[in-house]
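These notes are about the structure you will find just below.
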Ligand SMILES: Nc1ncnc2c1ncn2[C@@H]1O[C@H](COP(=O)(O)OP(=O)(O)OP(=O)(O)O)[C@@H](O)[C@H]1O
Ligand SMILES: [Mg+2]
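Residue numbers (my numbering): 1394 to 1807.
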């Protein structure tokens, strides 16, 4: 049968195995797998459901007593929030008069060209550079003018995935102001229409400076005269990494179907979520509640984003509306990389539904990539996968992934 009719069959499954898994009628089994996965996810620190902080200072208060505000904390809104959490009858004073903190985290520009894509993952070695390089190449093959930039400043190696030698200059030179414009850094790649901006050969002097120059870099990227910019982000949840992920028009998260990677992906999504909330135009006091909630051991006992929103609902309706509005536009796509079985594929759906349920955000499952020896073969021979093995199952998967990301076909979830 033509492979293209079965775009999501893992290459390590035989045709008969794939067919039987497709015809699988035992829905209980599948549901159980999802439940187990969700249960494991729930037990992880990031997304455990709210457990009211029993050690809170308000433990002994009468929950039915309707009291007037008594500000005991140095941070008034936190004190109000504590009362609001513990006592449904608590009279909440208006806090909307508080001055809104200046918003420093909003998108730099709202024009649609170039379109910014950012590939993150929360963890090293999960295929960020692989996805970034090959996705950028496929965009260029569609006739787009594309730039891909290596912002993994501590471990720049995107050039290897693109099949080129390390360029002599990179974004590090722009950050330390050795070069004035990003255009000077554009390096051709073997794919016509695709250029790259390398990272840094001197990460130690550059990483610290990036904090200051990040917003300016975003502005400069938006000014490049191309259709698409694909950013390869570093591992982890560094402030700047999250900033770029949120500033992009579309964030892509590469995840391996193994607990460490899934755990880091949730941590990444959590960081993205909170950063987004902080960017809302809300009163200073509410920002402090959001900040407090970011700390897993916060005094409010807030464990999940849903808990946070529930408290803000009671504190200030207008802020609650704004926070929900912020998350409404948060819709990262995930890719499961190094898939070996149907269960691995299901991990992507489970992550999406957990994110929907506990963060209330619309995470899309754009597709998956099989574990395939041709990846390291291509890396070893310093060639891009889709150039070295253009007719492989893997190249086909990345093509489907690209189509899903471009909205040309439906992804795997929802
Ligand atoms: N689908 C795959 N099949 C087989 N091996 C893979 C696959 N994807 C990635 N790898 C292996 O994992 C390595 C890391 O991939 P990649 O460099 O894309 O990850 P990364 O997330 O960018 O890592 P880093 O955080 O170090 O930049 C590759 O060199 C390759 O050997
Ligand atoms: Mg990388």
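We treat Cβ as the ideally placed atom computed from N, Cα and C, and that holds for glycine.
Sequence-distant residues of its chain with Cβ nearer than 7 Å to residue 1513 (five each side left out):
1521, 1626, 1634, 1638, 1644, 1646, 1661
Would the beta-carbon of residue 1600 be found less than 7 Å away from any heavy atom of ligand 1?
no
Expected contact under 8 Å - CB spacing of residue 1555 and residue 1582 to nearest Å
5 Å
Identity of the residue in 1753, 1740, 1507 nearest residue 1719 by Cα
1753
Could you tell me which of 1534, 1793, 1508, 1525 sits nearest to residue 1550, measuring between CA atoms?
1525
Determine which residues share a DSSP beta bridge with residue 1758 and list them.
1727, 1806
Measuring from the CB of residue 1759, is there a heavy atom of ligand 1 at a distance below 7 Å?
no
Exposure label - residue 1688; buried when at least 16 CB within 10 Å:
exposed
Output the boundary residues of the alpha helix (DSSP H) element that contains residue 1768.
1766-1773
Are the C-beta of residue 1627 and some C-beta of chain D separated by less than 8 Å?
Of the protein chains in the structure, only one exists, and it is not chain D.
To the nearest whole angstrom, what separates the beta carbons of residue 1579 and residue 1567, a pair I think is in contact under 8 Å?
Not a contact, Cβ separation roughly 11 Å.
Is it right to say residue 1737 is buried, meaning 16 or more other beta carbons lie within 10 angstroms of its own, or is it exposed?
buried
Is there contact here, the region 1527-1545 with the region 1610-1627, by at least three beta-carbon pairs under 8 Å?
yes
Do the region 1692-1701 and the region 1726-1736 make contact, defined as three or more Cβ pairs closer than 8 Å?
no
I need the DSSP call for residue 1581, collapsed to helix, strand or coil.
strand
Of the residues 1713, 1565, 1588, the one placed nearest residue 1600, counting alpha carbons only:
1565
Enclosing beta strand (DSSP E) for residue 1588 [first to last residue]:
1587-1590
DSSP-derived helix/strand/coil call for residue 1519
coil
Nonlocal neighbours in the same chain, by C-beta distance under 8 Å from residue 1607, ignoring five residues either side:
1633, 1636, 1637
Return the chain-ordered list of same chain residues with a C-beta closer than 7 Å to the C-beta of residue 1588, the five sequence neighbours on each side being excluded.
1540, 1579, 1580, 1581, 1582
When you measure from the CB of residue 1755 to every non-hydrogen atom of ligand 2, does any distance come out below 7 Å?
no
Looking at residue 1522 and ligand 2, is the gap between the Cβ and the nearest heavy atom below 7 Å?
yes
Would you say residue 1765 touches ligand 2, meaning its beta carbon is less than 7 Å from a heavy atom?
no
Name the DSSP beta bridge partners of residue 1511, please?
1624, 1644
Per DSSP, what kind of secondary structure is residue 1763 in: helix, strand or coil?
strand
Figure out for me which residue from 1750, 1683, 1609 has the closest Cα to the Cα of residue 1664.
1683
Beta-carbon gap between residue 1805 and residue 1758 smaller than 8 Å
yes
So is residue 1505 buried or exposed if we call it buried at 16+ other beta carbons inside 10 Å?
exposed
Taking the alpha-carbon positions, what's the residue 1735 to residue 1792 distance?
20 Å
Terminal residues of the continuous beta strand (DSSP E) containing residue 1540?
1539-1544
Keeping to the same chain, check which residues put their C-beta closer than 7 Å to that of residue 1538; ignore five residues upstream and five downstream.
1586, 1619, 1620
Give me the Cα-Cα distance between residue 1532 and residue 1798, rounded to the nearest whole angstrom.
11 Å
Close-in-space but distant-in-sequence residues of the same chain around residue 1745 (CB under 8 Å, 5 per side omitted)
1727, 1756, 1757, 1758, 1806, 1807
In whole angstroms, what separates the C-alpha of residue 1679 from that of residue 1690?
18 Å
Is the separation between the beta-carbon of residue 1672 and that of residue 1509 shorter than 8 Å?
no
By how many angstroms is the C-alpha of residue 1659 removed from the C-alpha of residue 1747?
10 Å
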